[in-house]
Amino acid sequence: MKAVVTVVGEDRVGIIAAVCTHLAEFGVNVLDISQTVMEGYFTMMMVVETEKATVSLAELAQRTEEKGKEMGLSIRLQRADIFKAMHRV
């Protein structure tokens, strides 16, 4: 199943590496990534494949959010279909 990961926080070195390493630890594959820095704030969206994840999607989302708090970032992971439904105009 595909999921969308969003990351927002103050820019610093290593954010992409830390988030990707965290996801890889759970068997999650990054399919697409887009990131930018706007006035010192880092923003990133990733599409990931969770089919081979070693934990449930709910647990992965919780652990990813916790990782974000440890890093001083807002990180959210949700199913791609729910993300699309929530952001439809």
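Numbering (our numbering), first residue to last: -6 to 82. Even for Gly, the Cβ is constructed at its ideal location relative to N, Cα and C.
- Taking all protein chains in view, the Cβ of Ala51 is surrounded by fewer than 16 other Cβ atoms within 10 Å, so the residue is classified as exposed.
- Where Glu32 is concerned, there is no enclosing alpha helix (DSSP H), because DSSP gives it neither an H nor an E.
- By the neighbour-count definition (other C-beta atoms within 10 Å, threshold 16), Leu70 is a buried residue.
- Out of Lys(-5), Ala(-4), Ala46 and Met37, the CA that lies nearest to the CA of Ala10 is found in Met37.
- Under DSSP, Asp25 takes part in a beta bridge, and its partners are Val40.
- In terms of CA proximity to Ile68, His15 leads the group His15, Asn22, Met31 and Lys(-5).
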